[in-house]
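Everything below concerns the one structure shown next.
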Amino acid sequence: MKFLGKPRSHTAAFLPLCWLLLKTLQSGHCHPYGNRYAGDKVIRLTPRTEEEVFAFKNIYRRLQVDLWQPSSISYVSEGTVTDVHIPQNASRTLLTFLQGARIQYTVLIEDLQKAVENENNLQTQRNRRSLSEYNYEVYHSLEDIQSWMYHLNQTQPSLVQVFSIGRSYEGRPLFILQLGRKSRAYKKAVWIDCGIHAREWIGPAFCQWFAREALLTYKTDPAMRKMLNHLYFYIMPVFNVDGYHFSWTHDRFWRKTRSRNSRFHCRGVDANRNWKVKWCESEPEVKAVADFLRQHRKHVRAYLSFHAYAQMLLYPYSYKHATIPNFGCVEIAAHKAVKALRSAHGIRYRHGPASQTLYISSGNSMDWAYKNGIPYAFAFELRDTGQFGFLLPEMLIKPTCTETMLAVKNITLHLLKKCP
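Listed below in structure tokens is the structure:
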């Protein structure tokens, strides 16, 4: 990104021109996403009765506002914390309705456009594309992330291998970063994916952070050396490549894939509700990952998927209220992981079966992985709990990734023990 440089002359004749350029930039040319979120709000409400649930669902369907959490209106019930993105043109209607129905709410974000602009630290944008000085404390575009992966492949050949497992709906390659000391001997493996939902940018940031820390500390940290010597890590920094790219170029809060369906007019599906038995009905991204995991099912022993936001560590089952057969081992791993995470900055995570800790949902990757023989399947919901939501500021990338790294290391080391 180029910035305005110093003028060659300081004469007064140039001052009006400089002032005009500055006002032009301030008036909209520098606003990301064409200033489309100006005046939008994010509110939080928690329906207390069935009547309030019914009333909210009715107004939601009429106005078609954007749910931030839960992910679907069908999950809203009594006591469900519900965060809603309201466009400016629907704000007065919805808030007036809630007040009339006596449904209590709080405003989390007063002006969403300002929050979008505050998410990125403009002082660091000049260093985003520098591979030699790659900045892990800022968010990166898909193009930057893929260039970074190639750079690691070229500079760390003994520990890194990059390959594609297929292509997205729009034809983008689905790159995987294999991390670990290369060996002919059998090695267990851990799968890590980030960015299955496009707007959850902190996920891809963590996947990059994990690779960085692993490579930086391999020679100095005995625990990391053990992990990379005895395991392979298959890391997919951006699962939903089409959606993630779209969230950078058109709609910051796009969640789904970008596929088209002849039966519906809307674009894309939720890639984390698309893990079905009949693969002809699945997204190409989901099918590619599922095929890869099936081919490597004998040595992939852990599946970790990173999302935002809620500060939770979830494990199966998600689609039903039932106890998994190896509950003892998984619960111990989860408990130790959130305890390790909290030791960094005091951030508390809830943990437990997704159906009890969050809500019942079907067709997600975590349940699929567990059902297909991967004994440790977890989904992280990273920071925060709603103050910033999907717009976690870049200044919080480092603390978020630092604490999450402790949790992942804890789970991985637990995996290397005898507990099945």
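Just so we're aligned, residue 5 is where the sequence shown starts under the working numbering, counting upward by one.
The beta carbon of each residue, even a glycine, is placed where N, CA and C say it ideally should be.
message = I'd like the list of long-range same chain contacts for residue 157, defined as Cβ closer than 6 Å, with 5 residues on each side in sequence excluded.
response = Answer for residue 157: 164 and 166, listed in chain order.
query = What number of angstroms, rounded off, separates the C-alpha of residue 355 from the C-alpha of residue 76?
reply = 21 Å
key: Residue range of the unbroken beta strand (DSSP E) whose run includes residue 385   = 380-386
request  = Count the CB pairs spanning the segment 317-335 and the segment 208-217 that are closer than 8 Å, and state whether there are at least three.
outcome  = These segments do not touch.
message = Within a Cβ cutoff of 6 Å, which residues of the same chain sit near residue 199, ignoring the five residues on either side of it in sequence?
response = Cβ-Cβ distances below 6 Å link residue 199 to 207, 208, 242, 243, 244 and 248 in the same chain, with the five nearest sequence neighbours on each side left out; the list follows chain order.
task = Kindly indicate the opening and closing residues of the alpha helix (DSSP H) around residue 316.
result = Note, residue 316: premise wrong, no alpha helix (DSSP H); beta strand (DSSP E) at 316-319.
inquiry  = To the nearest angstrom, how far is the alpha carbon of residue 176 from that of residue 246?
reply    = 7 Å
ask   = In three-state DSSP terms, what is residue 60?
value = helix
Proximal residues to residue 168 (C-beta, below 8 Å), its chain only, five neighbours per side dropped = 177, 178, 179 and 180
task = Jot down the residue ranges of each uninterrupted alpha helix (DSSP H) in the segment 179-240, minimum 4 residues, whole runs only, in chain order.
result = 206-221 and 226-234
message = For residue 45, count the other beta carbons within 10 Å of its own beta carbon; 16 or more makes it buried, fewer makes it exposed. Which is it?
response = Residue 45 comes out buried.
task = Mind the definition here: the segment 44-59 touches the segment 90-99 only if three or more C-beta pairs lie below 8 Å; say whether that holds.
result = yes
task = With DSSP collapsed to three states, give me the class of residue 307.
result = strand
request  = Scan the segment 359-414 and note each continuous beta strand (DSSP E) run of 3 residues or more that stays entirely inside, going in chain order.
outcome  = 380-386
ask   = Among 297, 298, 37 and 63, which has the Cα closest to the Cα of residue 104?
value = 63
inquiry  = If you reduce the DSSP assignment to three classes, tell me which class residue 151 lands in.
reply    = helix
Outcome for residue 336 when other beta-carbon atoms lying within 10 angstroms are tallied against a minimum of 16 = exposed
request  = Look at residue 393 and residue 72 and say whether their C-beta atoms are less than 7 Å apart.
outcome  = yes
query = What separation, rounded to the nearest whole angstrom, lies between the Cα atoms of residue 59 and residue 293?
reply = 40 Å
key: Start-to-end residues for the beta strand (DSSP E) that takes in residue 70   = 70-73
request  = Could you tell me if the beta carbon of residue 248 falls within a distance shorter than 6 Å of some heavy atom in the ligand ATP?
outcome  = Looking for the ligand ATP in the displayed structure turns up nothing, as the structure carries no ligands at all.
query = In the DSSP assignment, what are the bridge partners of residue 47?
reply = DSSP, once it has assigned bridges, lists 88 and 111 as partnering residue 47.
key: Contact the segment 286-304 vs the segment 182-194: 3+ CB pairs below 8 Å   = yes
inquiry  = Using only the alpha-carbon positions, how far apart do residue 414 and residue 396 sit?
reply    = Rounded to the nearest whole angstrom, the CA to CA distance from residue 414 to residue 396 is 25 Å.
key: DSSP state of residue 28 mapped onto helix, strand, coil   = Its pLDDT being 41, under 50, residue 28 is placed unreliably in this model, and the value from its coordinates should be taken loosely. It is helical.
ask   = Since residue 355 sits in a beta bridge, which residues does DSSP pair it with?
value = 317
ask   = Is it buried or exposed for residue 222, if we count other Cβ within 10 angstroms and need 16 for buried?
value = Per the 10 Å Cβ criterion, buried.
inquiry  = On the criterion of 16 or more Cβ atoms from any shown chain inside 10 Å, does residue 52 qualify as buried, or is it exposed?
reply    = exposed
query = I think residue 205 touches residue 238, with their Cβ atoms under 8 Å apart; what is that distance to the nearest whole Å?
reply = Actually they are not in contact, since the Cβ atoms of residue 205 and residue 238 sit about 21 Å apart, beyond 8 Å.
ask   = Should the segment 358-376 be called in touch with the segment 310-322, which here means at least 3 C-beta pairs below 8 Å?
value = Counting Cβ pairs under 8 Å, three or more are found: they touch.
key: Own chain residues within Cβ distance below 6 Å of residue 365, not counting five before or after   = 322
message = Residues in the same chain with beta-carbon distance under 6 Å from residue 409, minus the five sequence neighbours each way, listed in chain order, please.
response = 217
message = Quick check on this structure: which residue in 93, 388, 56 and 79 has the alpha carbon closest to the alpha carbon of residue 69?
response = 93
query = Is residue 184 near residue 235, with beta carbons less than 7 Å apart?
reply = yes
request  = State the start and end residues of the unbroken beta strand (DSSP E) segment that holds residue 170.
outcome  = 164-171
message = Am I right that residue 279 and residue 369 are in contact with their C-beta atoms under 8 Å? What's the rounded C-beta distance?
response = 5 Å
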